[in-house]
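Worksheet: one structure, shown below.
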Amino acid sequence: MKKSRLATAAVAAVVVGTIGFSVPAFGASGYGAVNVEKTDNVVTIGNDALSRTFSIKDNKLKPGKIDNKLAGKGTAFDPQSGSEEFVIQQMVTAERLEPKPGDLTSIMPGSSSVRVIVGSSTSGEGASAANAIDGDANTYWCSSEEAANLDDQYLVIDFGSNKSVKKVKYTPRYDATAKYDCTGRILEYVLEYWNGSEWVEAKKGSFSSEKEVGEQTIELENEVKTTKLRLRATGSYHWQNENRNKAMNVAELDAFDVKGESLVRGGASSRGLGNKGFLQSAW
Ligand SMILES: [Ca+2]
Numbered sequence: 255m256k257k258s259r260l261a262t263a264a265v266a267a268v269v270v271g272t273i274g275f276s277v278p279a280f281g282a283s284g285y286g287a288v289n290v291e292k293t294d295n296v297v298t299i300g301n302d303a304l305s306r307t308f309s310i311k312d313n314k315l316k317p318g319k320i321d322n323k324l325a326g327k328g329t330a331f332d333p334q335s336g337s338e339e340f341v342i343q344q345m346v347t348a349e350r351l352e353p354k355p356g357d358l359t360s361i362m363p364g365s366s367s368v369r370v371i372v373g374s375s376t377s378g379e380g381a382s383a384a385n386a387i388d389g390d391a392n393t394y395w396c397s398s399e400e401a402a403n404l405d406d407q408y409l410v411i412d413f414g415s416n417k418s419v420k421k422v423k424y425t426p427r428y429d430a431t432a433k434y435d436c437t438g439r440i441l442e443y444v445l446e447y448w449n450g451s452e453w454v455e456a457k458k459g460s461f462s463s464e465k466e467v468g469e470q471t472i473e474l475e476n477e478v479k480t481t482k483l484r485l486r487a488t489g490s491y492h493w494q495n496e497n498r499n500k501a502m503n504v505a506e507l508d509a510f511d512v513k514g515e516s517l518v519r520g521g522a523s524s525r526g527l528g529n530k531g532f533l534q535s536a537w
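Using the working numbering, the letters of the sequence shown map in sequence onto residues 255 to 537.
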């Protein structure tokens, strides 16, 4: 059995291609416009001259009956069972920004790629979301400094598949002068995991406020199985008191299983996903 992977959005085009004629030519031949109709799991494409049905049951595209209406009754053709079949695969839908040149633009469902999704990013240069999981403590992501509070600020790590998480390590932004006391250093946090339908609190607590203390560990009492982790700040540092609790920064965030293996950096195919859901950079 021949199988091809198709994006749902391209099914109509493929269906027409499978029929073996072009829509404009067929439509202009005087036998009416070509209509595409879908009833339950059957798609019918055709006009007064010719039509063909396709089954899309079980997310598979399977060519069905060809009906040559011009030749009169009895000229319908049913392909043999299993003659040809395509797998229909849904594309991921997401709000997207236009990608920069060279960036990847779509993510296959079930991909093993690790993605980062954030509530916002500061307009400051070099603070993109991808920096939070690039393995380099010298690069960082920081949420918008324009925010009035921390309510809409978060960083999600999407593993792309189910993982068992036992601990998480957070490293704040570092600066040679301020040390770890940079804008958005997280002082109070809530760590949540996705249970398939909603976010569930895994742990909340405080990070050290010592300016010399960098990487800190959140150890979970019991491992949680999840596809996504979300880190939210409920308290954060700013050198001006009035600007505290408005931004959060992450130089590095990593999650580990019970054996201590990184769930973010474990695979060579890991990727950073930027603001609002498109891949910003690869490493
Ligand atoms: Ca980094």
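Every residue, glycine too, gets a C-beta built ideally from N, C-alpha and C.
Could you pull out every unbroken beta strand (DSSP E) segment of at least 3 residues lying fully inside the stretch 495 to 525, listed in chain order? 506 to 510
Nearest-angstrom Cα separation, counted from S305 out to N289: 9 Å
How long is the line joining the alpha carbons of S463 and L441, rounded to whole angstroms? 6 Å
Under 7 Å: does the beta carbon of D388 sit that close to some heavy atom of ligand 1? yes
Would you kindly work out how many angstroms separate the C-alpha atoms of A509 and P333, rounded to a whole number? 52 Å
Counting only the same chain and skipping the five closest in sequence on each side, list residues whose C-beta sits under 7 Å from that of F275. Unreliable placement is indicated for F275, whose pLDDT of 45 sits below 50; no coordinate value is reported for it.
What are the boundary residues of the beta strand (DSSP E) that includes R484? Q470 to S490
Residues in its own chain within less than 6 Å of D564 by CB, not counting five upstream and five downstream? As displayed, the chain neither begins before 255 nor continues past 537, which places residue 564 out of reach and without an answer.
How many whole angstroms separate the CB atoms of E506 and A386, which I take to be in contact at a CB cut-off of 8 Å? 7 Å
Would you say R498 and V444 are within 8 Å of each other, going by their C-beta atoms? no
Buried/exposed call for V410, threshold 16 Cβ in 10 Å: buried
From which residue to which residue does the beta strand (DSSP E) around A456 run? W453 to S460
Contacting residues, own chain, Cβ-Cβ under 7 Å from S538 (five flanking each side not counted): There is no way to answer for residue 538, as the model of the chain reaches only from 255 to 537.
Selected residue, minimal CA-CA separation from V454, among Y428, R427, L483 and W395: L483
Is Y428 near ligand 1 - that is, is its Cβ less than 7 Å away from at least one heavy atom of it? no
Alpha carbon to alpha carbon, what distance is there between K423 and K465? 17 Å
Use the C-beta contact count for W395: other C-beta atoms within 10 angstroms, 16 or more gives buried, fewer gives exposed. buried
For N417, count the other beta carbons within 10 Å of its own beta carbon; 16 or more makes it buried, fewer makes it exposed. Which is it? The sequence as given places Lys at residue 417; Asn does not occur at that position. The residue in question, K417, is buried, as its Cβ has 16 or more Cβ neighbours within 10 Å.
Who are the Cβ neighbours of S516 in its own chain at under 7 Å, not counting the five residues just before and after it? D508 and F510
Ligand 1 and E469: does the residue's C-beta get closer than 7 Å to at least one heavy atom of that ligand? no
Could you give the first and the last residue of the continuous beta strand (DSSP E) run that contains P317? K314 to N322
Could you work out which residue in D302, N301, I310 and A303 is closest to D294 when comparing CA atoms only? I310
Burial state of V518, where buried means 16 or more other Cβ atoms lie within 10 Å: buried
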